[in-house]
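*Asks:*
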Amino acid sequence: MDYDIAAYGEHRPEYDSMSWALRHDEDEASSFLAALAPGGRALELGIGTGRVALPLAGRGLKVVGVEGSPTMAAGLERNVGDEDVEVVIGDFADVPVEGEFDLVYCISETFFLLPTQESQVRCVRNAAEHLPEGGLFVIQAFVPDHDLYCANQSTGTRVVGDRNAIISARRHDRAEQRVELQSIQLREDGNTFYPMLYRYVWPSELDLMAQLAGLTRVSRAGGWRGERYTGSGEYVAVYRKN
Ligand SMILES: C[S@@+](CC[C@H](N)C(=O)[O-])C[C@H]1O[C@@H](n2cnc3c(N)ncnc32)[C@H](O)[C@@H]1O
Numbered sequence: 004m005d006y007d008i009a010a011y012g013e014h015r016p017e018y019d020s021m022s023w024a025l026r027h028d029e030d031e032a033s034s035f036l037a038a039l040a041p042g043g044r045a046l047e048l049g050i051g052t053g054r055v056a057l058p059l060a061g062r063g064l065k066v067v068g069v070e071g072s073p074t075m076a077a078g079l080e081r082n083v084g085d086e087d088v089e090v091v092i093g094d095f096a097d098v099p100v101e102g103e104f105d106l107v108y109c110i111s112e113t114f115f116l117l118p119t120q121e122s123q124v125r126c127v128r129n130a131a132e133h134l135p136e137g138g139l140f141v142i143q144a145f146v147p148d149h150d151l152y153c154a155n156q157s158t159g160t161r162v163v164g165d166r167n168a169i170i171s172a173r174r175h176d177r178a179e180q181r182v183e184l185q186s187i188q189l190r191e192d193g194n195t196f197y198p199m200l201y202r203y204v205w206p207s208e209l210d211l212m213a214q215l216a217g218l219t220r221v222s223r224a225g226g227w228r229g230e231r232y233t234g235s236g237e238y239v240a241v242y243r244k245n
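Note that our numbering has the sequence shown beginning at 4, numbered continuously upward.
(1) Could you work out which residue in Asp165, Arg161, Asn167 is closest to arginine 173 when comparing CA atoms only?
(2) Rounded to whole angstroms, how far is the Cβ of alanine 40 from the Cβ of leucine 139, which I believe are closer than 8 angstroms?
(3) By the three-class DSSP mapping on this structure, what secondary structure does asparagine 194 have?
(4) Going by C-alpha distance, which of Val239, Val204, Val66, Ala38 is nearest threonine 119?
(5) Where does serine 207 sit, in a helix, a strand or coil, going by DSSP?
(6) In chain order, what residues of the same chain lie with their CB nearer than 7 angstroms to the CB of glycine 229, ignoring the 5 residues before and after it?
(7) Give me the Cα-Cα distance between glycine 84 and alanine 178, rounded to the nearest whole angstrom.
(8) When you compare only the Cα positions, how much space is there between asparagine 155 and phenylalanine 196?
(9) I'd like to check one pair, arginine 44 with phenylalanine 104: are the Cβ atoms closer than 7 angstroms?
(10) Taking threonine 332 and glycine 78 to be in contact with their CB atoms under 8 angstroms, please state how far apart those CB atoms are, rounded to whole angstroms.
(11) Flag this pair as yes or no: are the beta carbons of leucine 25 and leucine 59 separated by less than 7 angstroms?
(12) Could I get the ranges of all uninterrupted beta strand (DSSP E) runs contained in the segment 84-147, with 3 residues as the minimum, in chain order?
(13) If you follow the beta strand (DSSP E) that proline 68 is in, where does it begin and where does it stop?
(14) Along the beta strand (DSSP E) that carries glycine 236, what are the first and last residues, could you check?
Dropping the structure here:
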């Protein structure tokens, strides 16, 4: 699959805003993040349209975001009111911003959109370089589930309606930990394709990437409210710069 991240904003916003795909965790996420750096400077990797950055800025932080899709960045700029939020266009693996931040965060499994292990390692190292000693790096991700795949493939049904359906097709490269995903909306008036390519990391691999960058894990919880980590599903990990 040939997949260009700059094109993300061309097809994803419609998909991401479908009622069943909405995360509804903006309040919990921004409350959790604000408590880690009260009144401080935060950097979001893959800020999108500011779903969490805006409520976080509303809680008194200055937020800078890196975003690869000009369309998503334009959406953010439309959404910003009085909040102190700024967006920089670029690849968040490079963390192309100036200065230090009390908190760097990457949520909604966005870290997995970096397509190679090399870019993920580089990203964590660059993020750590923008933290002072004691600064925090937060990742929200999921524990991969190999049971989803049979012969390294899976198909699934996301939505079934009277006149439409959304099905998904995944191809799994076990060695590279990469998944090509195509979600297809079938409708009477035609089909819409929502492609995606991601590379998942295991929680222990993320710990190792952090360790290589001079960060130590301080917590790993099952959610924003400190739910118990069960070893499956989504989690929130916090790392501190040594
Ligand atoms: C799943 S969305 C999440 C947006 C936001 N963090 C949120 O929680 O609503 C992922 C975002 O990351 C951006 N993105 C993906 N890969 C990127 C990269 N390598 N560099 C910069 N932005 C990237 C996409 O364009 C998209 O806006």
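C-beta: ideal position from N, C-alpha, C; glycine also.
*Replies:* Considering the structure as presented:
(1) Along the sequence shown, one-based indexing puts residue 173 at 170. Of the candidates Asp165, Arg161, Asn167, the one whose C-alpha sits nearest the C-alpha of arginine 173 is Arg161.
(2) The sequence position of residue 40 within the sequence shown is 37, counting from 1. The sequence position of residue 139 within the sequence shown is 136, counting from 1. Indeed they touch by this definition, with Cβ atoms about 7 angstroms apart.
(3) Position 191 of the sequence shown, counted from the start, is the residue given in the question as residue 194. The answer is strand: DSSP assigns asparagine 194 an E or B state.
(4) Here residue 119 corresponds to residue number 116 of the sequence shown, with the count starting at 1. Sorting Val239, Val204, Val66, Ala38 by C-alpha distance to the C-alpha of threonine 119 places Val204 at the top.
(5) For the purposes of this step, residue 207 is taken as residue 204 along the sequence shown, with counting starting at 1. If DSSP states are grouped into helix, strand and coil, serine 207 belongs with the helices.
(6) As a position in the sequence shown, residue 229 is number 226, starting the count at 1. Cβ neighbours of glycine 229 beyond the five flanking positions: none.
(7) Numbered from its first residue, the sequence shown carries residue 84 at position 81. Numbered from its first residue, the sequence shown carries residue 178 at position 175. Computed Cα separation, rounded: 45 angstroms.
(8) Stepping through the sequence shown from its first residue, residue 155 is reached at position 152. Stepping through the sequence shown from its first residue, residue 196 is reached at position 193. Cα-Cα distance, rounded: 21 angstroms.
(9) Position 101 of the sequence shown, counted from the start, is the residue given in the question as residue 104. Position 41 of the sequence shown, counted from the start, is the residue given in the question as residue 44. Yes. Within cutoff.
(10) The structure shown does not extend to residue 332, since the chain is modelled only from 4 through 245, so no value can be given for it.
(11) The count along the sequence shown starts at 1 and reaches residue 25 at position 22. The count along the sequence shown starts at 1 and reaches residue 59 at position 56. Cβ distance not < 7 angstroms, so leucine 25 and leucine 59 don't count as in contact.
(12) 88-92, 106-109, 139-146, all fully within the segment 84-147.
(13) To locate residue 68, count along the sequence shown from 1; it is residue 65. With the sequence shown as reference, residue 68 is identified as glycine, and proline is not the correct amino acid for it. Unbroken beta strand (DSSP E) run through glycine 68: 65-70.
(14) Along the sequence shown, read from residue 1 onward, the residue named residue 236 stands at position 233. Run containing glycine 236: 236-244, per the beta strand (DSSP E) assignment.
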